[in-house]
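Written below as structure tokens is the structure these notes are about.
Residue numbers (the working numbering): 48 to 300.
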């Protein structure tokens with residue numbers, strides 16, 4: 048394992064993040080504040096509690112998941128797409144670095160960035176509502192696994208994309224709707240029975256539900272199923288990355 052190569056890629060990607068750290072951290076703070084103004088104040092004034100948790104606190108895990116998923120995908124996809132765009136990826140592929148080290152460097156940096164943003168959102172949320180985390184170790188575990196899994200997914204999107212527009216296609220048209228329809232701002236139990244059944248086909252439901260359980264001890268599905276969903280998604284992404292480098296899909300001319 049070439050640890051020097053992994054560290055070099057990781058540091059390079061993190062330096063790009065810290066060059067725009069003010070904008071990177073200010074954006075989630077503003078977004079979180081707006082969500083609390085719209086959902087917490089407007090809707091929260093009509094829905095006091097959901098499953099015994101104040102509505103303002105109830106939406107915090109969903110807010111964190113929304114930002115973490117989109118940021119992990121965005122950072123990882125851009126991180127690997129830009130070397131493709133300018134042609135420096137061929138220098139990386141010709142260097143004595145295997146694909147595992149490349150993936151660890153890029154995905155590790157993207158996961159770290161999204162983890163930092165998730166922490167910033169949690170701190171911002173505490174300014175608006177009181178949050179007592181019931182299972183802090185599980186909360187951190189869920190957050191780290193989801194950051195890594197979606198960074199891997201973003202890495203795949205970056206390889207697949209042929210232009211900058213495609214980088215935003217899946218996050219905007221697939222991930223965000225799945226998060227909004229996956230119980231980020233409501234409990235699945237609030238839906239009519241037929242829609243509850245339909246919603247359970249949304250994989251994001253299991254991620255948000257498990258993460259919310261780590262906060263409040265309440266969930267739409269069992270925590271075990273949530274952990275299984277994260278593990279399956281992680282395994283699928285790993286398999287896709289392995290196939291990409293084995294076949295050279297869209298990275299070799």
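All residues carry an ideal CB built from backbone N, CA and C; glycine is no exception.
If you're wondering where the values come from, they're calculated on a predicted model, not measured in any experiment.
Given this structure, state the Cα-to-Cα distance separating residue 60 from residue 73, to the nearest angstrom.
19 Å
Identify whether residue 124 lies in helix, strand or coil by the three-state DSSP scheme.
helix
Does the beta-carbon of residue 79 have 16 or more other beta-carbons within 10 angstroms, so that it is buried, or is it exposed?
buried
Going by the CB atoms, is the gap between residue 109 and residue 222 shorter than 9 Å?
no
To the nearest angstrom, how far is the alpha carbon of residue 127 from that of residue 202?
Residue 127 and residue 202 have their C-alpha atoms spaced approximately 6 Å apart.
Kindly confirm or deny that the region 159-168 and the region 182-201 touch, where touching means at least three C-beta pairs closer than 8 Å.
yes
Could you name the residues that DSSP lists as bridge partners for residue 96?
101
Taking the alpha-carbon positions, what's the residue 120 to residue 157 distance?
8 Å
Inspect the CB distances between the region 235-248 and the region 208-226 and report whether three or more fall short of 8 Å.
no
Please go through the same chain and pick out, in chain order, the residues whose beta-carbon is closer than 7 Å to the beta-carbon of residue 288, but skip the five residues on each side of it.
150, 199, 202, 203
If you reduce the DSSP assignment to three classes, tell me which class residue 233 lands in.
coil
Would you kindly check if the distance between the Cβ of residue 52 and the Cβ of residue 138 is under 9 Å?
no
Taking just the CA atoms, how far does residue 71 sit from residue 114?
12 Å
Express the C-alpha separation of residue 141 and residue 117 in angstroms, rounding to a whole number.
When the Cα atoms are used, residue 117 and residue 141 turn out to be separated by approximately 31 Å.
Please state whether DSSP places residue 134 in a helix, a strand or coil.
coil
By the DSSP assignment, the alpha helix (DSSP H) with residue 148 in it spans what residues?
146-173
I think residue 107 touches residue 262, with their Cβ atoms under 8 Å apart; what is that distance to the nearest whole Å?
7 Å
With residue 217 as the anchor, note down where its alpha helix (DSSP H) starts and where it stops.
211-217
Residue 183 lies in the alpha helix (DSSP H); which residues open and close that run?
183-207
What are the boundary residues of the alpha helix (DSSP H) that includes residue 48?
No residue range can be given for residue 48, since it is assigned to no alpha helix (DSSP H) and is classified by DSSP as neither H nor E.
Could you name the residues of the same chain whose beta carbon sits closer than 6 Å to that of residue 75, not counting the 5 residues immediately before and after it, in chain order?
114, 164, 167, 168
Mind reading off the beta-carbon distance from residue 229 to residue 265? Whole number of angstroms is fine, and I expect it under 8 Å.
Not really, about 16 Å apart at Cβ, beyond 8 Å.
Identify the continuous alpha helix (DSSP H) that holds residue 143 and give its terminal residues.
Neither: residue 143 is in no alpha helix (DSSP H) and is coded neither H nor E.
Measuring CB to CB, does residue 65 end up less than 9 Å from residue 122?
no
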